[in-house]
Amino acid sequence: MHRLQRRSVFISDVHLGLPDCKAAYLLDFLQRLDCAHLYLVGDIIDLQALARRPWWHPSHGAVLHAILALAARGTRITYIPGNHDAPLRALAGQTIAGIAIALDAVHVAADGRRYRVSHGDEHDPEQIGRAWQRCGDFMQNFLCGVNRRFNRLRRWLKLPYLPLSLVLKSCAPQALAYIRAFETRVARTTQAAGFDGAICGHIHYGHVRRIEGVLYLNDGDWVEHCTALTEDAHGRFELLHWSEHPATLGAAGCGADAPSPARLRAL
C-alpha cells in the first residue's frame, strides 16, 4: 500500500452521519496517511443531521476508528468543531482519546509562517440567525440529493463521478460571488490579526489562493469533493483531491472520479 507522508494534514466537512459522506474515500486516505499533526477542522460528525434523523453506516464508524488509530500511533490530533458539530465546542480545552479539542488553533508551518486554523463559520454572515442557517442546510441537503441522482445517471452512462456543486459553483455568478466574498473576509480578518495565512473549511470549496498578501487555504469537504490540505516538510501546502486516484478508489471499494485537478500547490 502506497503511504502518504506529510508533516501536517487538514480535513473538514466530513459530515459523518449523512448518507452523502464519502467515507470510503476518506477511510482509504486515513489508512495510507503518515503525518505528525492531523487537524480536524470542523463538521466531522454531523450532529445536526443525526439529531433530525439518526443514520449511521459501518464505514462512518471505521473512519472514527482510523482517526483513533492515528492518535494511538503518535499522530498529534486537534479537533476544531464547526457549526454542525457545535456542541463539541463545550469540550474545548480537553483531550479525549488523544484528540485535543479547541475552538481554533495557530499552526506554525515548517518554514516558520503562522496560520490561523478555524472552521470558518464565524466568517459567514449566512450563519447569523437560525432562519438563514436552516435555509442553508436545506439547500445543501437538496443539492446532495440531486447530486446522488445526477451521478446515478452518469454511472448508468458509464461516465465518471462529477460533483454537481462544482458545476453549479463554477457556473453560477451568485455562488462565485458568495465564495469570493467569504474568502476576502477570511483574508482581511487574518491579515488584521497578523497571521501569514488562514486555514479553514465550511463552504465546501477547497481552494489555495493568495489574497491581499495572505495565503488563503480551504481544505474543502468529503461530501462531494473529497479533498484534504497537506503540508510537506518544507512548509509547502497541497490540496489533494483523493477521489481522483483510481488505484486508491479501487482499494476503497468505490469507483468514482472527480473532475477537478488532482493537486494544487501554493509555493
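Residue 108 in UniProt numbering is what sits at position 108 of the sequence shown, and the numbering runs on without skipping anything. The C-beta atom is built at its ideal place from N, Cα and C for all residues, glycine as well. Remember, predicted model here, so these are calculated numbers, not experimental data.
Runs of 4 residues minimum, wholly inside the stretch 46 to 128: which ones carry the alpha helix (DSSP H) assignment? 47 to 52, 58 to 72
Can you check which of these residues, 51, 192, 70, 179, is closest to residue 5 by C-alpha distance? 70
Rounded distance between the beta-carbons of residue 123 and residue 182, thought under 8 Å: 6 Å
Run the CB neighbour count on residue 48, radius 10 Å, all protein chains shown included, and call it buried at 16 or more, exposed below. buried
For residue 226 and residue 22, believed in contact at Cβ under 8 Å, the rounded distance: 5 Å
Using 8 Å as the threshold, is the C-beta distance between residue 305 and residue 119 below it? This structure gives no information on residue 305, because the portion of the chain shown stretches from 1 to 267.
Three or more C-beta pairs under 8 Å: does that hold for the stretch 209 to 226 against the stretch 10 to 28? yes
Own chain residues within Cβ distance below 7 Å of residue 3, not counting five before or after: 32, 34
In whole angstroms, give me the CA-to-CA distance for residue 148 and residue 180. 27 Å
Tell me which residues share the same chain as residue 20 and place their Cβ nearer than 6 Å to its Cβ, disregarding the 5 neighbours each side in the sequence. 144, 223
Using 10 angstroms around the beta-carbon of residue 131, count the other beta-carbons present and answer buried if the total reaches 16, otherwise exposed. Because the pLDDT at residue 131 is just 42, under 50, the model does not fix this residue reliably, and the point stays unresolved.
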